[in-house]
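Note that our numbering has the sequence shown beginning at 31, numbered continuously upward. Here a beta-carbon is modelled for each residue, glycine too, at the ideal position from N, C-alpha and C. Written below as structure tokens is the structure these notes are about.
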Amino acid sequence: MSEAPPSVTDAGAIRIARENVTGTAVSSVRTFGRAVDLGIESVRGAFADLIGLRFQWQEMLRQAWYLVTVTALPAVLMAVPFGVVVSVQVGNLIHQLGADSMIGAAGGLGVIQQGAPIATGLLLGGAGASAIAADLGARTVREEIDALRTMGISPVHRLVIPRVVAMLFVAPLLNVLIIFVGVVSGYAVAISAQNVTPGSYWATFGSFAVVADVWISLAKAMLFGFLVVIIACQRGLEARGGPRGVADGVNAAVVISVASIIVVNLVITQIVTMFLPLRVA
């Protein structure tokens, strides 16, 4: 039996690769579009439900409490080493430059501007996204979502919107907790191991850290939480194929959430640096 010429084989491989790349790109764009639609519908529906007194408060509080229980302790455990590492690494560099009194400013700003919102997003993207995607995915494969639609009940209003509001409520609280624990941890290390006086630490911290930094950090945490909950809800509502489909949806929700947080944080950091440069208060 004669083999196909190499040129024919190469052309077939190129065609298959092109089709796979094109199909993946088109599918990604469609998925992004559905996520945007879900986000817009959730925001509109939340305001409509609040105004019309139809909001699912009990479901929202239940979801918020669950998010707090699965993220509060990990947030503390993550904030402590983060504050210590920032204080030690930045402190060593500043010590070589002979500016030990600036450790408070460097460590505090590092936690407020970057560490706290990113840690908040990653915690919500890990524990929160997996739980939401698994819950909605299981409901989808058990055809509970189809049953809601059959009864004329919108799954977005009944299930998605309470989770969105719960995430937006928990994200800033978690962010504040991480800021507090991270700054206190950095302060303890600076005082005990780097020969920094308490007065100089808080003086430089107060000179460089302004209220706008805290508000930006809270806004970033809420934005990351919104991205996480929309991605998780979408992957859960689109789960197919039984338990394997639910597992794939959970995995996709976590991976996409983490990647989105990193990309969005990079964009926000560049914008904030351009329009709100660091300055002494």
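Query	Result
Provide the residue span of the alpha helix (DSSP H) that contains Phe238, from first to last.	228–238
Output the distance between the C-alpha atoms of Met31 and Ser57, rounded to the nearest integer angstrom.	No answer about Met31 holds up, because its pLDDT of 45 lies below 50 and its placement is not dependable.
Check the C-beta distance from Gly151 over to Ala283 and give it rounded, since I have them as a contact under 8 Å.	Not a contact, Cβ separation roughly 13 Å.
Looking only at its chain, what residues have a beta carbon closer than 7 Å to the beta carbon of Gly82, apart from the 5 residues adjacent to it on each side?	none
Measure the CB-CB distance between Val116 and Gly212 and report whether it falls below 9 Å.	yes
Leaving out the 5 sequence neighbours to the left and right, which residues in its chain are closer than 8 Å to Leu153 when beta-carbon positions are compared?	Thr101, Pro104, Ala105, Met108, Leu204
What did DSSP end up calling Gln224 once you bin it into helix, strand or coil?	coil
From what residue to what residue does the alpha helix (DSSP H) around Glu173 run?	Segment: none, Glu173 is in no alpha helix (DSSP H) and carries neither H nor E.
So, does the segment 269–284 touch the segment 159–166, judging by three or more C-beta pairs under 8 Å?	yes
What are the uninterrupted segments assigned as alpha helix (DSSP H) that are 4 or more residues long and contained completely in the segment 33–93, given in chain order?	36–81
Assuming contact is defined by CB atoms lying nearer than 9 Å, are Leu30 and Ile246 in contact in what I supplied?	Nothing in the structure corresponds to residue 30, since the chain is present only between 31 and 311.
CB Val244 to CB Arg265, shorter than 9 Å?	no
Can you tell me whether DSSP reads Arg270 as helix, strand or coil?	coil
Just to confirm before moving on: does the CB-CB distance between Val6 and Gly155 stay below 9 Å?	Only positions 31 to 311 of the chain appear in this structure, which leaves residue 6 out of reach.
Are the beta-carbon atoms of Ala239 and Leu139 separated by less than 9 Å?	yes
For the alpha helix (DSSP H) containing Gly151, name the first residue and the last one.	146–153
Please report the straight-line C-alpha distance between Gln93 and Ala196, rounded to a whole angstrom.	6 Å
Going by alpha carbons, who is nearest to Gly121 out of Thr99, Gln86, Tyr217?	Tyr217
Does the distance from the CB of Leu207 to the CB of Phe256 come in under 9 Å?	no
Which residues in the same chain as Val385 place their Cβ atom closer than 7 Å to its Cβ, once the five residues preceding and following it in sequence are excluded?	In this structure the chain extends from 31 to 311, so residue 385 is not present and cannot be described.
CA-CA distance, Val219 and Leu97?	30 Å
Here's the rule I'm using: 16 or more other beta-carbon atoms within 10 Å means buried, otherwise exposed. How should Ile301 be labelled?	exposed
Around the Cβ of Arg304, are there at least 16 other Cβ atoms within 10 angstroms (buried) or fewer (exposed)?	Per the sequence presented here, residue 304 reads as Met, with Arg not at that position. Its Cβ having fewer than 16 others within 10 Å, Met304 is exposed.
In terms of alpha-carbon separation, which member of Asp278, Asn295, Phe210, Thr234 lies closest to Ala159?	Asp278
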